[in-house]
């Protein structure tokens, strides 16, 4: 190792400068952080060391190791003797101090008052020599040569003694019997006057298991007791505490180690900590996945698949390929549906199930329309369809027998062919006028439905002047008729708010059947002789309406019926709707009632909706004409109130 | 609040938790104990800030400059004859001690104000130092107000003339020579740290003596 003497001269100078710098820094940081007086400026250059590390003194010079004050009342400084080179007397080390008092440096260095109390190589300053907040400087001399110096203030070197009197008490034991909490208490160091508040201490506790090497630290606390949580009962612990002045950074020494022996675990306690059962979870997971896999494989088999997932019937129309509908081939669809319609007749045949409609309307003109309109129009198209004439079959055809359908299923319609006449009962009779006009304007060939027409008995409500069995001709021939019908509104009546769709052209346009009020009273249609004549030939199949007379002549009904029906004055001729009372009066006459089915009881075009019961139910106001033990067919969805009453308890 | 932060930094004191007089209350009388508690919290906080500020400054500007080799700093408050050890502090009457504290606090009003101004003007003024300086200045004022309230309760009636030490270090803070200026800052911060520790100690002593009857 190099010594000072062995170094060459330039090296010595170089080192001097370096060391002077580093030494002063080291003094400031490592020891006390005080400031050196000006008189020490020269002294720093005399401090020469090679490799000055803390605690090491390879050159043999004594130097200060530590100065500390444990309680802010006294302080002591320690140094190390260097390795002695040669024959110098090691006992000649002296310490001198100087402190600034009353704003002046006393220029004399005083010698250390007590070399003994603090141990060897130390100097102890008792309270009389200690002043806080006063700068001190000390120097170490060896044989008169200053070997070390430092400056500090006492409040900067406070490092309290360790706490004493550590003890612990058991707080509680956990329910599992594995862990426990303890409270550790101690006393502040005896020489620190915390009671008078001269010094305020904070403490840090550390603990560890006996066979561990790493201490666990807790946060500093100001109180002298602290709980320690979650110690294992089957382990033994060591605890130690150290303290420091509250604003300082340096801790004092650690206290003695406290040995904590917790009571043994009870034999009933859980032996192992709960460890997450990974193994079990993996096993069950694999098992579950296997099960799912098997299920999946099996589900491929049809049978099980059917079992598990029964097929839901797809809505279909017999005979109609869904592709047809998709492709939009309306004609074909129409024809198919028409074929279907041919099946209808036996369904309806002679059963005259008349739609009896009760109309409770105060204000005939607007109320009914408005309310009905609202009711009808406010519903879904679907709903209205259903309400007004839910089909039994799954053809989308709206029957012309539902006079109130405003929004018919256009796509599937065509319905107003001859078969539709069968379902006349629902016919609300339109305007005689129009029909009568139409009769005159018959342009088209009579439909073949004449014959079946005669079969229609009680299609019509006994509306006095109005009723007409509405025969909706689904043929296109009616279209042309319809238009002229529509074109003759003015003289006779208003066009009603409601218009029955009689047909839908393949093109998709709607052909409305004229609904007109019968304002002109008895239409000129009532011309029996004409009627008779008309009935034979040009039966108006092109238009949907028939005069009552017209119909009657085709029907084997005595004309007197007609007269009688006309003779009922109570009917409101202007109104297409028939009031309940008026109708019931009709019903009250059995004769009339008898005849009613046979005669064409005019079925008004429109039914006012009495009650909207549900999305799928409408109770229409209908006349309470009793049906003679006939089960009505509700294919068109009309249920009179009376009928309803029969059904329902 | 209060206590140590994770990184060792000090947290703001829990001053807000102490009861205060609602503004405008005339006869509100906060108890002496609460006043002292608050004062101690403030003084402790100020001392923490001063220590940190000094360390920060030392680390940044004083390294290698050999400030420590220069003359021992003499603080402008050294002229005030404050007790220098425990015996003296115990012997002094608490009213006198309170007045001394007030004097020291007042002596620092001016230097703190200028410290903030000058630190702002420093080249690369570090925010940590500046923010702490601002905070210390404000807290010092609050502590002064609190102390005056305490004096009003402990020693009512007697109103001491406002005695304090004048600080004359402003010119050196504004020196053109960087070395001189930095040393002036170093000196000032060192004195601030020392005086704040002194005030803190006195107040803790007084609190134990007055509020807890020397039995903390």
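Chains as they are written, first to last, in this note's numbering: chain A, 211 to 859; chain B, 3 to 218.
In this text, a Cβ means the ideal position worked out from N, Cα and C, and glycines have one as well.
Would the beta-carbon of residue i fall within 8 Å of that of residue j?
i             : j             : result
residue 81/B  : residue 198/B : no
residue 45/B  : residue 215/B : no
residue 467/A : residue 448/A : yes
residue 333/A : residue 286/A : yes
residue 410/A : residue 436/A : no
residue 370/A : residue 281/A : yes
residue 43/B  : residue 138/B : no
residue 453/A : residue 419/A : no
residue 450/A : residue 465/A : yes
residue 104/B : residue 150/B : yes
residue 376/A : residue 390/A : no
residue 174/B : residue 186/B : yes
residue 444/A : residue 474/A : yes
What three-state label does DSSP hand residue i in the structure shown?
i             : result
residue 321/A : strand
residue 207/B : helix
residue 455/A : strand
residue 416/A : strand
residue 214/B : coil
residue 362/A : strand
residue 115/B : helix
residue 273/A : strand
residue 106/B : helix
residue 792/A : Reliability fails at residue 792/A, whose pLDDT of 47 lies under 50, so the model's placement of it is uncertain and the value that follows must be treated cautiously. Residue state, collapsed to three classes: helix.
residue 84/B  : coil
residue 173/B : helix
residue 388/A : coil
residue 335/A : strand
residue 42/B  : helix
residue 397/A : strand
residue 377/A : strand
residue 510/A : coil
residue 446/A : strand
residue 382/A : strand
residue 343/A : coil
residue 490/A : helix
residue 282/A : coil
residue 435/A : strand
residue 179/B : coil
residue 121/B : helix
Going by other Cβ atoms of all chains shown within 10 Å of its Cβ, with 16 needed for buried, is residue i buried or exposed?
i             : result
residue 284/A : buried
residue 382/A : exposed
residue 61/B  : exposed
residue 471/A : exposed
residue 469/A : exposed
residue 245/A : Since pLDDT at residue 245/A reaches only 41, below the 50 mark, its modelled position is unreliable, and the value read off the structure follows with that caveat. The residue in question, residue 245/A, is buried, as its Cβ has 16 or more Cβ neighbours within 10 Å.
residue 523/A : exposed
Less than 8 Å between the CB atoms is what I'm expecting for residue i and residue j, so what's the real figure, rounded?
i             : j             : result
residue 210/B : residue 407/A : 3 Å
residue 87/B  : residue 342/A : 6 Å
residue 350/A : residue 273/A : 7 Å
residue 34/B  : residue 213/B : 6 Å
residue 50/B  : residue 457/A : 6 Å
residue 176/B : residue 120/B : 7 Å
residue 277/A : residue 367/A : 5 Å
residue 147/B : residue 108/B : 11 Å between Cβ atoms; not a contact.
residue 320/A : residue 308/A : 7 Å
residue 206/B : residue 84/B  : With 8 Å as the limit, residue 206/B and residue 84/B do not qualify as a contact, their Cβ atoms being about 15 Å apart.
Considering only heavy atoms of the ligand COA, does any lie closer than 7 Å to the CB of residue i?
i             : result
residue 441/A : The ligand content of the structure shown is nil, which means the ligand COA is not present either.
Please confirm if residue i has its CB atom under 8 Å from at least one CB of chain E.
i             : result
residue 283/A : Annotation note: the requested chain E is absent from the structure, which comprises protein chains A and B.
Q | Residues within the stretch 333-349 of chain A neighbouring chain B, beta-carbon criterion of under 9 Å | A | Those would be 337, 338, 340, 341, 342, 343, 344, 345, 347, in chain order.
Q: Please name the residues in the stretch 148-165 of chain B whose beta-carbon is closer than 7 Å to at least one beta-carbon of chain A, in chain order.
A: none
Q: Return the residues of the stretch 452-467 of chain A that lie within a Cβ-Cβ distance of less than 9 Å from chain B, sorted by chain order.
A: 456, 457, 458, 459
Q | Where the stretch 78-91 of chain B meets chain A: residues whose CB sits under 8 Å from a CB there | A | 80, 81, 84, 86, 87, 88, 89, 91
Q. For the stretch 387-417 of chain A, which residues have a CB atom closer than 9 Å to at least one CB atom of chain B, in sequence order?
A. Legend: CB atoms of the stretch 387-417 of chain A lying less than 9 Å from CB atoms of chain B belong to residues 403, 404, 405, 406, 407, 408, 409, 410, 412.
Q: Return the residues of the stretch 345-374 of chain A that lie within a Cβ-Cβ distance of less than 8 Å from chain B, sorted by chain order.
A: Residues of the stretch 345-374 of chain A that bring their beta carbon within less than 8 Å of a beta carbon in chain B comprise 345, 347, 361, 363, 365, in sequence order.
**Q.** the stretch 42-62 of chain B: positions lying closer than 8 Å to chain A by Cβ
**A.** For the stretch 42-62 of chain B, which is checked against every Cβ of chain A, the residues closer than 8 Å are 46, 49, 50, 53.
Q) Which residues, in chain order, does the stretch 88-120 of chain B contribute to contact with chain A at a C-beta distance below 8 Å? A) 88, 89, 91, 92
Q: May I ask you to list, following chain order, the residues of the stretch 169-193 of chain B that have a beta carbon less than 7 Å from some beta carbon of chain A?
A: Correct list: empty, as no residue qualifies.
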